[in-house]
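Participant:
2 protein chains.
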Amino acid sequence: MFSQTVEYALRAVVHLAIHSPRPQTTSEIAAATQVPTAYLSKVLQGLREKGIVLLQRGVGGGVSLARSPQQLTILDVVSAVDPIPRITTCPLDLKAHGVRLCALHRRMDDALLHMETAFRETTLAELLEDPNPSVPLCDR
Amino acid sequence: MFSQTVEYALRAVVHLAIHSPRPQTTSEIAAATQVPTAYLSKVLQGLREKGIVLLQRGVGGGVSLARSPQQLTILDVVSAVDPIPRITTCPLDLKAHGVRLCALHRRMDDALLHMETAFRETTLAELLEDPNPSVPLCDR
DNA sequence: TGTCATGTGGATATGTGTGTCCTGTTTCAT
DNA sequence: ATGAAACAGGACACACATATCCACATGACA
Numbered sequence: 009m010f011s012q013t014v015e016y017a018l019r020a021v022v023h024l025a026i027h028s029p030r031p032q033t034t035s036e037i038a039a040a041t042q043v044p045t046a047y048l049s050k051v052l053q054g055l056r057e058k059g060i061v062l063l064q065r066g067v068g069g070g071v072s073l074a075r076s077p078q079q080l081t082i083l084d085v086v087s088a089v090d091p092i093p094r095i096t097t098c099p100l101d102l103k104a105h106g107v108r109l110c111a112l113h114r115r116m117d118d119a120l121l122h123m124e125t126a127f128r129e130t131t132l133a134e135l136l137e138d139p140n141p142s143v144p145l146c147d148r
Numbered sequence: 009m010f011s012q013t014v015e016y017a018l019r020a021v022v023h024l025a026i027h028s029p030r031p032q033t034t035s036e037i038a039a040a041t042q043v044p045t046a047y048l049s050k051v052l053q054g055l056r057e058k059g060i061v062l063l064q065r066g067v068g069g070g071v072s073l074a075r076s077p078q079q080l081t082i083l084d085v086v087s088a089v090d091p092i093p094r095i096t097t098c099p100l101d102l103k104a105h106g107v108r109l110c111a112l113h114r115r116m117d118d119a120l121l122h123m124e125t126a127f128r129e130t131t132l133a134e135l136l137e138d139p140n141p142s143v144p145l146c147d148r
């Protein structure tokens with residue numbers, strides 16, 4: 009349902025949010041989030057292209073958030089690496105349906121819409137402030 | 009988000025519900041739902057193994073619903089071919105999290121739960137009764 | 001200006017979902 | 001019995017997501 013890439017990207021930005029605004033190296037993030045380093049590198053390049061993170065080479069470089077955790081939502085991250093495929097027209101391309109979906113696809117898209125909305129309404133800052141005994145990415 | 013297989017399976021059972029209780033051949037369903045015949049055959053075999061449809065060989069045979077459209081939900085079909093992967097334990101296997109998910113995975117699973125619930129509450133019969141000008145799988 | 005830390009990007013490997021094809025098996029009608 | 005209709009199932013093909021490796025480019029700092 010959610011791709012591995014989305015899962016990895018979310019872990020990475022949460023890690024960055026926790027340490028914001030200090031940049032973290034790809035290796036550090038990979039170790040903390042239990043993601044293969046080389047693959048995470050690709051995922052982060054994707055996030056950079058979409059303006060989610062900043063990548064800085066050289067000594068003292070690393071990865072940092074392009075926006076503050078207050079201004080970055082789960083949806084921003086999801087959309088950057090693996091957008092939610094909303095159903096906007098009839099998948100069977102039936103002329104009579106067009107943009108007015110049938111009951112089946114209407115309900116499927118409603119589910120996607122609800123997910124999209126829920127993700128749009130949650131910022132990274134809210135994730136960290138959540139009164140939850142389990143802290144994201146932390147074992148204590 | 010939804011696999012092709014789920015989309016195909018849903019089209020097939022909707023077609024069967026429309027013509028219920030008359031059995032339809034795989035070829036008929038494939039033509040009506042615009043699904044590759046050979047692949048649909050595999051999908052239907054999966055649905056049979058999960059008790060969603062009945063398959064009858066020989067002349068006059070074909071595919072029919074194992075339950076009435078009133079007793080078959082979208083979730084039944086989705087679960088049969090590609091179950092919604094609820095997040096029940098911490099994907100990072102953090103000991104401190106265990107079953108108590110962190111804010112991130114809590115929200116991801118909440119989205120999956122909502123989808124599951126919505127699909128559980130809709131039967132095939134309700135899809136067909138929906139006062140929607142676009143009739144599922146029909147162009148008129 | 002040299003050196004090291006760090007990200008960049010291409011080539012390649014692997015697994016799985018999707019899709020095709022062909023032969024076999026079952027069932028019914030005649 | 002025979003033959004046609006229809007599903008069953010294995011082998012194979014292909015695309016894409018995931019993952020790895022390595023040579024290279026870049027930036028900071030001494």
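Chains D and W, in that order, are what the protein sequence lines are. Just so we're aligned, residue 9 is where the first sequence starts under our numbering, counting upward by one. Just so we're aligned, residue 9 is where the second sequence starts under our numbering, counting upward by one. Positions of the beta carbon are idealized from the N, C-alpha and C atoms, including for glycine. These numbers were taken from a predicted model, which means no experiment stands behind them.
(1) What is the DSSP secondary structure of serine 142 of chain W, counted as helix, strand or coil?
(2) Just how far apart, CA to CA, sit glycine 68 of chain W and leucine 135 of chain W?
(3) Applying the 10 Å Cβ sphere with the 16-neighbour rule, what's the burial state of histidine 84 of chain D?
(4) Give the range of the alpha helix (DSSP H) segment to which serine 49 of chain D is assigned.
(5) Taking buried to mean at least 16 other C-beta atoms within 10 Å of its own C-beta, is alanine 38 of chain W buried or exposed?
(6) Can you tell me the Cβ-Cβ gap for leucine 52 of chain W and leucine 63 of chain W, rounded? I've got them flagged as a contact below 8 Å.
(7) In whole angstroms, what is the alpha-carbon distance linking aspartate 147 of chain D and alanine 88 of chain W?
(8) Closest by CA to proline 149 of chain W, which one among W:Met116, W:His113, W:Asn140, W:Ala20?
(9) I'd like to check one pair, valine 22 of chain W with leucine 109 of chain D: are the Cβ atoms closer than 8 Å?
(10) What do you get for leucine 121 of chain W, buried or exposed, if any count of 16 or more other CB atoms within 10 angstroms of its CB means buried?
(11) Considering only the alpha carbon of each residue, which of D:Met116, D:Pro77, D:Thr131, D:Glu129 lies closest to glutamate 129 of chain W?
(12) Note down, in chain order, each residue of its chain lying with its Cβ closer than 7 Å to the Cβ of serine 49 of chain D, except the 5 sequence neighbours on either side.
(13) Quick check on DSSP: helix, strand or coil for leucine 102 of chain W?
(14) Can you tell me the Cα-Cα spacing of arginine 75 of chain D and leucine 132 of chain D, whole angstroms?
(15) Flag this pair as yes or no: are the beta carbons of alanine 40 of chain W and leucine 145 of chain W separated by less than 8 Å?
(16) Consult DSSP for valine 89 of chain D and reduce its assignment to one of helix, strand or coil.
Facilitator: The short version:
(1) What you label residue 142 of chain W is simply residue 134 of the second sequence in a count that begins at 1. In the structure shown, serine 142 of chain W sits in coil (DSSP, three-state: anything other than H, G, I, E or B).
(2) As a position in the second sequence, residue 68 of chain W is number 60, starting the count at 1. As a position in the second sequence, residue 135 of chain W is number 127, starting the count at 1. Spanning the two alpha carbons is a distance of roughly 28 Å.
(3) Taking the first residue of the first sequence as 1, we reach residue 84 of chain D at position 76. The residue asked about is misnamed: residue 84 of chain D is aspartate in this sequence, not histidine. By the 10 Å Cβ count, aspartate 84 of chain D comes out buried.
(4) Translated into positions along the first sequence, residue 49 of chain D becomes position 41. Note, serine 49 of chain D: alpha helix (DSSP H), 45-57.
(5) Working through the second sequence from its first residue, we reach residue 38 of chain W at position 30. That one is buried.
(6) Against the second sequence, residue 52 of chain W aligns to sequence position 44. Against the second sequence, residue 63 of chain W aligns to sequence position 55. Going by Cβ atoms, the distance from leucine 52 of chain W to leucine 63 of chain W rounds to 7 Å, so yes, they are a contact pair.
(7) On the first sequence, position 139 is the one that residue 147 of chain D refers to. On the second sequence, position 80 is the one that residue 88 of chain W refers to. Spanning the two alpha carbons is a distance of roughly 35 Å.
(8) Residue 149 of chain W lies beyond the residue range present for chain W, which begins at 9 and ends at 148; the question has no answer from this structure.
(9) Along the first sequence, read from residue 1 onward, the residue named residue 109 of chain D stands at position 101. Along the second sequence, read from residue 1 onward, the residue named residue 22 of chain W stands at position 14. Not in contact: leucine 109 of chain D and valine 22 of chain W (Cβ atoms no closer than 8 Å).
(10) Sequence index remark: in the second sequence, residue 121 of chain W carries index 113 (1-based). Exposed, since its Cβ has fewer than 16 Cβ neighbours within 10 Å.
(11) Working through the second sequence from its first residue, we reach residue 129 of chain W at position 121. Here the closest residue by C-alpha is D:Met116.
(12) If you number the first sequence from 1, residue 49 of chain D lands on position 41. Cβ neighbours of serine 49 of chain D beyond the five flanking positions: Thr34.
(13) Your numbering for residue 102 of chain W matches position 94 in the second sequence. In the structure shown, leucine 102 of chain W sits in coil (DSSP, three-state: anything other than H, G, I, E or B).
(14) Locating residue 75 of chain D in the first sequence gives position 67, where the first residue counts as 1. Locating residue 132 of chain D in the first sequence gives position 124, where the first residue counts as 1. Approximately 10 Å, taken between the alpha carbons.
(15) By one-based count along the second sequence, residue 40 of chain W stands at place 32. By one-based count along the second sequence, residue 145 of chain W stands at place 137. The answer is yes: Cβ separation under 8 Å.
(16) Counting from 1 along the first sequence, the entry for residue 89 of chain D is found at position 81. It is helical.
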